[in-house]
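Remember, my numbering sits 144 above the position in the sequence shown when you count from 1. Ideal Cβ placement from N, Cα and C applies to all residues, glycine included. Below: one structure, written as structure tokens.
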Amino acid sequence: MAEGNLTTVVEFILLGFSNLPNFQSFLFCIFLIIYMSILIGNGLIILLTRVSRVLHTPMYFFLGNFSFLEICYTSVTLPNMLTNLWTHERNISFLACAIQLCFLLLLGGTECLLLAVMAYDRYMAICKPLYYPIIMNHKVCVQLVVGSWTTGIPVMIGQTYQIFSLPFCDSNELNHVFCDIPPLLKLACSDTSVVQLSVYVVAMLFGMIPFILIIRSYVEIIITILKLPSNAGKQKAFSTCSSHLIVVVLFFGSAIITYSRPKSKNSGGTGKMLSLFYTIVTPMFNPMIYSLRNKDVIDALKKILPK
145 MAEGNLTTVV EFILLGFSNL PNFQSFLFCI FLIIYMSILI GNGLIILLTR VSRVLHTPMY
205 FFLGNFSFLE ICYTSVTLPN MLTNLWTHER NISFLACAIQ LCFLLLLGGT ECLLLAVMAY
265 DRYMAICKPL YYPIIMNHKV CVQLVVGSWT TGIPVMIGQT YQIFSLPFCD SNELNHVFCD
325 IPPLLKLACS DTSVVQLSVY VVAMLFGMIP FILIIRSYVE IIITILKLPS NAGKQKAFST
385 CSSHLIVVVL FFGSAIITYS RPKSKNSGGT GKMLSLFYTI VTPMFNPMIY SLRNKDVIDA
445 LKKILPK
């Protein structure tokens, strides 16, 4: 019976902003501008970390990879959203929805791990400065990045398979802007308690544990900074960490709230806004947060602009 139900659902309908029919063109322009700013801003960060020798350090190596991740992350959802707003066709096939969710989970998990790696890098630079060049060598940095990208692949593929193995028999309308776990679980017409439990376990592994490690790193960092004798040293140390900490709060804050109640019946509008926040708003502000608050990035930008 479950197999029969699965075969009947050949596509989903992403309701998105269908409740705002008079604002479709306006929303298309807004999201297009946001997407272009994400591509240009993060692309510029990648370029700067490649061509500027001043930025050939572990911190900017991770930042360049993080900017590339942000481009990939937003490209999973934004092009499809723009297409839906432009054509007013909100259909997405069963397979395309599964692929979109799989990449969304995979890249989201990678972002959590990479943010934890960046916090560890700052911890080593500030709390263990004498060991920093030895421990955070190029080989270790590459291994940390590769580990962040590949660790979640089997887990996220399994999570996606588990969700799309559920029978969807009542409706195929997703009250969301892209395929995500909370709206999909609402459409399932069978018991989802096991799936919800696995969602919480995966969220703990790839969300809460990295978040706790980040908090622990920054506790140690703050304690070390407060012990510095000069105010100039304290200010410089805080400036190198504040940008990363802002991104952590924006991303984890909205993501934790969204996935803390995966089958809430009263979070349709709120869920859309929160999901847009951690999938679109944070990647958009990422280049501005890191460039406006970082003297090295600004200096590198000034050197490359005349060329």
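Rounded Cβ spacing between residue i and residue j (contact assumed at less than 8 Å)
{"i": "L259", "j": "P354", "result": "7 Å"}
{"i": "H388", "j": "A263", "result": "7 Å"}
{"i": "F421", "j": "S386", "result": "Going by Cβ atoms, the distance from F421 to S386 rounds to 20 Å, so no, they are not a contact pair."}
{"i": "M348", "j": "D265", "result": "Between D265 and M348 the Cβ distance is about 23 Å, and since that is not below 8 Å, they are no contact."}
{"i": "L245", "j": "T304", "result": "5 Å"}
{"i": "T221", "j": "F322", "result": "4 Å"}
{"i": "I433", "j": "V391", "result": "6 Å"}
{"i": "S292", "j": "T254", "result": "5 Å"}
{"i": "G160", "j": "N228", "result": "6 Å"}
{"i": "T193", "j": "F175", "result": "Wrong, their Cβ atoms sit about 27 Å apart, outside the cutoff."}
{"i": "I442", "j": "S435", "result": "6 Å"}
{"i": "Q306", "j": "S342", "result": "6 Å"}
Top-ranked residue by Cα proximity to residue i, from the options
{"i": "T218", "options": "K446, K447, T426 and Y344", "result": "T426"}
{"i": "S383", "options": "I270, F429 and V220", "result": "I270"}
{"i": "Y267", "options": "N235, V284, P326 and T368", "result": "T368"}
{"i": "M417", "options": "D324, I365, A376 and L445", "result": "D324"}
{"i": "Y362", "options": "H232, V261 and G185", "result": "V261"}
{"i": "S419", "options": "L176, F212, F210 and M225", "result": "M225"}
{"i": "D440", "options": "L207, S162 and I390", "result": "L207"}
{"i": "K330", "options": "L341, V321 and N316", "result": "N316"}
{"i": "C285", "options": "G253, L251, H200 and K371", "result": "H200"}
{"i": "L250", "options": "V346, C313, F312 and L188", "result": "V346"}
{"i": "C256", "options": "H232, L394, V339 and I190", "result": "L394"}
{"i": "A444", "options": "L229, F175 and I189", "result": "I189"}
{"i": "S211", "options": "V195, G187, P311 and I301", "result": "G187"}
{"i": "M300", "options": "Y344, F161 and F172", "result": "Y344"}
{"i": "L310", "options": "M352, Q287, P277 and V338", "result": "V338"}
{"i": "F312", "options": "I400, S334 and S169", "result": "S334"}
{"i": "I184", "options": "S342, Y275 and C216", "result": "C216"}
{"i": "E233", "options": "S162, H282 and L274", "result": "S162"}
{"i": "M352", "options": "I400, Q168, P373 and L171", "result": "I400"}
{"i": "G302", "options": "F247, C173 and K371", "result": "F247"}
{"i": "K447", "options": "L171, S196 and Q340", "result": "S196"}
DSSP state of residue i mapped onto helix, strand, coil
{"i": "F156", "result": "strand"}
{"i": "A146", "result": "Residue confidence is low: A146 scores 43 on pLDDT, short of 50, so the model does not pin down where it sits. No coordinate-derived value is stated."}
{"i": "K409", "result": "In this prediction, K409 has a pLDDT of 48, which is less than 50 and means its spatial position is unreliable; what the coordinates show is noted afterwards. Reduced to three states, the DSSP call for K409 is coil."}
{"i": "L188", "result": "helix"}
{"i": "F167", "result": "helix"}
{"i": "F161", "result": "coil"}
{"i": "F312", "result": "strand"}
{"i": "L449", "result": "coil"}
{"i": "L318", "result": "strand"}
{"i": "I442", "result": "helix"}
Residues near residue i in its chain [Cβ-Cβ closer than 6 Å; skip 5 each side]
{"i": "S237", "result": "E155"}
{"i": "I182", "result": "T218, P427 and M428"}
{"i": "L318", "result": "F156, L158 and P327"}
{"i": "N209", "result": "V289"}
{"i": "F308", "result": "A242"}
{"i": "Y179", "result": "L222"}
{"i": "Q168", "result": "L229"}
{"i": "P431", "result": "G185, N186 and I189"}
Check: residue i C-beta below 6 Å from any heavy atom of the ligand PLP
{"i": "F210", "result": "The ligand PLP is not part of this structure, which contains no ligands at all."}
Neighbourhood of residue i by C-beta distance below 7 Å, restricted to the same chain and skipping five residues each side
{"i": "Q379", "result": "none"}
{"i": "L213", "result": "L251, T254, E255 and L258"}
{"i": "I358", "result": "L259, A260, A263 and V392"}
{"i": "I465", "result": "One cannot answer for residue 465 here, as it falls past the ends of the chain, which runs 145 to 451."}
{"i": "I365", "result": "R266, Y267, I270, C271 and C385"}
Other residues of its chain near residue i: CB distance less than 8 Å, five sequence neighbours each side excluded
{"i": "L372", "result": "K378 and A381"}
Exercise. Can you give, in chain order, each stretch of the beta strand (DSSP E) that sits fully within the region 230-303 and has at least 3 residues?
Worked result: 235-237
Exercise. Which parts of the region 351-438 are runs of the alpha helix (DSSP H), unbroken and 4 residues or longer, counting only runs that do not cross its ends?
Worked result: 353-370, 375-404, 412-420 and 426-436
Exercise. Taking only runs of the alpha helix (DSSP H) that begin and end inside the region 172-221, which ones reach a length of at least 4 residues, in chain order?
Worked result: 202-219
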